[in-house]
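A.B. asks:
Residue numbers (my numbering), protein chains in the order written: chain A, 16 to 340; chain B, 905 to 1226.
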């Protein structure tokens, strides 16, 4: 237990990220698998900040995205701010969408642990992170072609012009806003048929693998996975995509760049895909706001390369995993 | 602390008193002083195949203070709600709205671990029901009730036109049923303008407990006009003054305990259930046929009363006479 460090980090999450105001109704929500000490830490800090604070616990569901109990949905809708620590996340449920439309802000920390709150929220300089985030948005806004080089000469290219950039900076800006803890990521869906080449995945692939051990090489043609090479992790991942018998599971849904300066590769995708300077490709289900052509699929899986060299129209922005901007 | 000793009382509450079925949605409202009891009830609901949600809030400061909006909304949305709270939510708009929505509610204000193990919660609820029905029938359709005690109580309450409530018998099995757990009382909202005389509280006072010396409350025209006694009386005066609202002095309830297993513990939810006691409350009664919308509800319990409803003696020095 690092209760003091945790208290400080949780205070920061609520004040800086969630923008909790005194008098607001705050609901800290968790399923039964979440450590109660973590739930209490958020509730305690929310109360200290002047929030009218409640916690709600319900039984952990066997799968993600099951509709929550009615009492939970009703309580979320009647709150100003929800701190969502639910492990089997409900982000894509009707209840969640309705609550957001009703104006409730949600800070989602699905899968987050005490250790992650302390390191990835508590120890992060958000001003610095935001500056870099806005600079990245600006650069992608002006760019036409993105090139990613990984491993020993694997090259992947894609057109990014005309597609919106989504900066998940980890901050809740107003009613109905949703963001994630820890932050942060810049994401977009490149023009699908222009995504061609090979990516060497040296970080993780989840679901179903986690840390890959030996790198996986994934080859894309026109935005689809056409070849997966490399060890047991490679075949596990390819077989998992295939088991849905859904061709969309092999489609690129989005690419992302991680921005958390203290994130490190742990095998927990929530952290891995936010490691500063990493390159992520998500496959399968694609959120509407990306304005892509893939749409909803059976599931979703991310792969992470942690030492990419990323360039936009020839200008290097990340060199072997280090930001150059 | 282990919850093992709470489990049998929790099982009585869930199975016998509320008749929770596996497919029902269940909300357990609690606060930071009552969590183990809520966990025990949740464990029983879960073991029956139910899907409980445990909602925890900060303890309210007074009886009848509303819960936060998220919990009020959650209360309306379920089949069954257990209110495992430090202060009573019985006389709140949140509870009234949930009842109107058909939710079955067990209100358990001030419940302690001890109460789950011994005393009123372990009563034979079939017997509590029999006694409650008898007393309720004796109060129905009356114009007035009078109460006297050896300690000096001489009080008359007007009942004309007021409906006696379904007894708080511990069995809340139909949609919209609600009451306390532990249970056992027959009660009615007297006319807000007709309470006259003296109530000498020798049992206990809500939010205060067992008094250092009996508290003498003088009623005139339905209102408390004078409070005398020792420290308990001073605390009661201060509590009522702090609310700065004339409605808190207005009579709100007349009730009689019907639970033979209940003991004096200084906490209203059990004390007012003791067979052989009666209680008068001031404050909110809109949830059971009254017209006083007050920010609080406070019960005052007297022992061994003699009670007459019109010309019928219901109780003689604490012994049922019907």
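A virtual CB, placed ideally from N, CA and C, is assigned to each residue, including glycine.
Please tell me whether residue 1223/B has its Cβ less than 8 Å away from any Cβ of chain A.
C.D. replies: Counting from 1 along the second chain, the entry for residue 1223/B is found at position 319. Residue 1223/B does not count as touching chain A.
A.B. asks: Output, in chain order, the set of chain B residues within a Cβ distance shorter than 7 Å of residue 40/A.
C.D. replies: Against the first chain, residue 40/A aligns to sequence position 25. Ordered by position in chain B, the residues that pass the 7 Å Cβ test against residue 40/A are 972, 973 and 974.
A.B. asks: List the whole-angstrom C-beta distance separating residue 1120/B from residue 1133/B, where the pair is believed to meet the contact cut-off of C-beta under 8 Å.
C.D. replies: Locating residue 1120/B in the second chain gives position 216, counting from the first residue. Locating residue 1133/B in the second chain gives position 229, counting from the first residue. Sure, about 6 Å apart at Cβ, within 8 Å.
A.B. asks: Beta-carbon within less than 8 Å of residue 87/A's beta-carbon, same chain only, minus the 5 sequence neighbours each way: which residues are those?
C.D. replies: Position 72 of the first chain, counting from 1, holds the residue named residue 87/A. Only 44, 71, 73 and 110 meet the Cβ criterion.
A.B. asks: Going along chain A in order, which residues have a C-beta closer than 7 Å to the C-beta of residue 1012/B?
C.D. replies: Locating residue 1012/B in the second chain gives position 108, counting from the first residue. Those within 7 Å of residue 1012/B in chain A number zero; the least Cβ separation is about 17 Å.
A.B. asks: So, are the CB atoms of residue 1187/B and residue 1198/B less than 8 Å apart?
C.D. replies: By 1-based counting over the second chain, the position of residue 1187/B is 283. By 1-based counting over the second chain, the position of residue 1198/B is 294. Yes, the Cβ-Cβ distance between residue 1187/B and residue 1198/B is below 8 Å.
A.B. asks: CB residue 220/A to CB residue 333/A, shorter than 8 Å?
C.D. replies: Counting from 1 along the first chain, the entry for residue 220/A is found at position 205. Counting from 1 along the first chain, the entry for residue 333/A is found at position 318. Against a cut-off of 8 Å, the Cβ pair of residue 333/A and residue 220/A comes out as no contact.
A.B. asks: Compare the beta carbon distance of residue 1157/B and residue 1184/B with 8 Å and say whether it is the shorter of the two.
C.D. replies: As a working note, residue 1157/B is residue 253 in the second chain. As a working note, residue 1184/B is residue 280 in the second chain. Result yes, Cβ atoms of residue 1157/B and residue 1184/B sit closer than 8 Å.
A.B. asks: So, at 8 Å on beta carbons, what are the nonlocal neighbours of residue 1210/B in its own chain, with the 5 sequence-adjacent residues on each side left out?
C.D. replies: As a working note, residue 1210/B is residue 306 in the second chain. The answer, listed in chain order, is 1051, 1052, 1053, 1217, 1219, 1220 and 1221.
A.B. asks: If you draw a straight line from the C-alpha of residue 194/A to the C-alpha of residue 957/B, how long is it?
C.D. replies: Within the first chain, the letter at position 179 stands for residue 194/A. Within the second chain, the letter at position 53 stands for residue 957/B. Their Cα atoms are separated by approximately 25 Å.
A.B. asks: Does residue 1108/B pass the burial test, meaning 16 or more other C-beta atoms within 10 Å, or should it be called exposed?
C.D. replies: Position 204 of the second chain holds residue 1108/B. It counts as buried.
A.B. asks: Please list the partners that residue 18/A has in chain B, where partner means a Cβ-to-Cβ separation under 9 Å.
C.D. replies: Stepping through the first chain from its first residue, residue 18/A is reached at position 3. Result: empty, since nearest Cβ-Cβ is about 17 Å, beyond 9 Å.
A.B. asks: With respect to the beta strand (DSSP E) encompassing residue 64/A, which residues constitute its N-terminal and C-terminal limits?
C.D. replies: As a position in the first chain, residue 64/A is number 49, starting the count at 1. Careful: residue 64/A lies outside any beta strand (DSSP E) and carries neither H nor E.
A.B. asks: For a test of the three-state rule: what should DSSP assign to residue 921/B, helix, strand or coil?
C.D. replies: On the second chain, position 17 is the one that residue 921/B refers to. The answer is helix: DSSP assigns residue 921/B an H, G or I state.
A.B. asks: Select from the stretch 70-95 of chain A all residues with a C-beta closer than 7 Å to any C-beta belonging to chain B, and list them in chain order.
C.D. replies: 70, 71, 72, 73, 74, 84, 85, 86, 87, 89, 90, 92, 93 and 94
A.B. asks: With a threshold of 8 Å between beta-carbons, can residue 1033/B be considered close to chain A, or not?
C.D. replies: Counted from its first residue, the second chain places residue 1033/B at position 129. It does not; no Cβ of chain A falls within 8 Å.
A.B. asks: Give the residues of chain D in contact with residue 1025/B, contact being defined as C-beta atoms less than 7 Å apart.
C.D. replies: Absent from the structure is chain D; the protein chains it does hold are A and B.
A.B. asks: Could you spell out where the alpha helix (DSSP H) holding residue 27/A opens and where it closes?
C.D. replies: For this step, residue 27/A is matched to residue 12 along the first chain. Segment 18-27, the alpha helix (DSSP H) holding residue 27/A.
A.B. asks: What separation, rounded to the nearest whole angstrom, lies between the Cα atoms of residue 927/B and residue 944/B?
C.D. replies: As a first step, residue 927/B must be located in the second chain, where it is residue number 23. As a first step, residue 944/B must be located in the second chain, where it is residue number 40. Between residue 927/B and residue 944/B, the C-alpha separation is close to 19 Å.
A.B. asks: So, under 8 Å CB-CB, residue 93/A and residue 973/B are touching, yes? Tell me the CB distance rounded to an integer number of Å.
C.D. replies: Position 78 of the first chain, counted from the start, is the residue given in the question as residue 93/A. Position 69 of the second chain, counted from the start, is the residue given in the question as residue 973/B. 4 Å between Cβ atoms; contact.
A.B. asks: Output the distance between the C-alpha atoms of residue 285/A and residue 132/A, rounded to the nearest integer angstrom.
C.D. replies: Residue mapping note: residue 285/A aligns to position 270 of the first chain, counting from 1. Residue mapping note: residue 132/A aligns to position 117 of the first chain, counting from 1. Spanning the two alpha carbons is a distance of roughly 12 Å.
A.B. asks: Would residue 124/A and residue 99/A qualify as a contact pair, given that the criterion is a beta-carbon distance under 8 Å?
C.D. replies: Here residue 124/A refers to the residue found at position 109 when the first chain is read from its first residue. Here residue 99/A refers to the residue found at position 84 when the first chain is read from its first residue. Yes, the Cβ-Cβ distance between residue 124/A and residue 99/A is below 8 Å.
A.B. asks: Per the contact definition of three or more C-beta pairs closer than 8 Å, is the stretch 1085-1102 of chain B in contact with the stretch 1122-1141 of chain B?
C.D. replies: yes
A.B. asks: Let's test the definition: count the other Cβ atoms within 10 Å of the Cβ of residue 1153/B and tell me whether it reaches 16, buried, or not, exposed.
C.D. replies: In the second chain, residue 1153/B corresponds to position 249, counting from 1. By the 10 Å Cβ count, residue 1153/B comes out buried.
A.B. asks: Straight-line CA distance for residue 1167/B to residue 1024/B?
C.D. replies: The residue labelled residue 1167/B in the question sits at position 263 within the second chain. The residue labelled residue 1024/B in the question sits at position 120 within the second chain. Linking residue 1167/B to residue 1024/B through their CA atoms gives a straight-line distance of about 7 Å.
A.B. asks: The stretch 949-983 of chain B: which residues have C-beta closer than 9 Å to a C-beta of chain A, in chain order?
C.D. replies: 950, 955, 956, 957, 958, 959, 960, 961, 962, 971, 972, 973, 974, 975, 976, 977, 978, 979, 980, 981 and 982
A.B. asks: Just to confirm before moving on: does the CB-CB distance between residue 1076/B and residue 1010/B stay below 8 Å?
C.D. replies: Here residue 1076/B corresponds to residue number 172 of the second chain, with the count starting at 1. Here residue 1010/B corresponds to residue number 106 of the second chain, with the count starting at 1. For residue 1076/B and residue 1010/B, yes; Cβs fall inside 8 Å.
A.B. asks: Applying the criterion that 16 or more other CB atoms from any shown protein chain within 10 Å of the CB defines a buried residue, is residue 308/A buried or exposed?
C.D. replies: As a working note, residue 308/A is residue 293 in the first chain. So residue 308/A ends up on the exposed side.
A.B. asks: Figure out for me which residue from 1081/B, 1073/B, 1095/B and 1094/B has the closest Cα to the Cα of residue 1087/B.
C.D. replies: What you label residue 1087/B is simply residue 183 of the second chain in a count that begins at 1. Of 1081/B, 1073/B, 1095/B and 1094/B, the residue nearest in Cα terms is 1073/B.
A.B. asks: At 7 Å on the CB atoms, spell out the chain A contacts of residue 931/B, in chain order.
C.D. replies: As a working note, residue 931/B is residue 27 in the second chain. By Cβ distance, chain A contributes 86.
A.B. asks: May I have a chain-ordered list of the beta strand (DSSP E) segments no shorter than 3 residues that lie completely inside the stretch 220-260 of chain A?
C.D. replies: Whole beta strand (DSSP E) segments, 3+ residues: 231-236 and 239-244.
A.B. asks: Would you give the residue range spanned by the alpha helix (DSSP H) that residue 50/A belongs to?
C.D. replies: The residue labelled residue 50/A in the question sits at position 35 within the first chain. From DSSP, residue 50/A is part of no alpha helix (DSSP H); its letter is neither H nor E.
A.B. asks: State the Cα-Cα distance for the pair residue 85/A and residue 339/A, rounded to the nearest angstrom.
C.D. replies: Along the first chain, read from residue 1 onward, the residue named residue 85/A stands at position 70. Along the first chain, read from residue 1 onward, the residue named residue 339/A stands at position 324. Cα-Cα distance, rounded: 48 Å.
A.B. asks: Taking just the CA atoms, how far does residue 249/A sit from residue 232/A?
C.D. replies: As a first step, residue 232/A is located in the first chain; it is residue number 217 there, counting from the start. As a first step, residue 249/A is located in the first chain; it is residue number 234 there, counting from the start. Going from the Cα of residue 232/A to the Cα of residue 249/A covers about 8 Å.
A.B. asks: Could you please tell me which residues of the stretch 51-69 of chain A, in chain order, have their CB closer than 8 Å to any CB of chain B?
C.D. replies: 58, 62, 67, 68 and 69
A.B. asks: Just how far apart, CA to CA, sit residue 19/A and residue 26/A?
C.D. replies: Here residue 19/A is taken as the residue at index 4 of the first chain, counted from 1. Here residue 26/A is taken as the residue at index 11 of the first chain, counted from 1. Residue 19/A and residue 26/A: Cα-Cα distance of roughly 11 Å.
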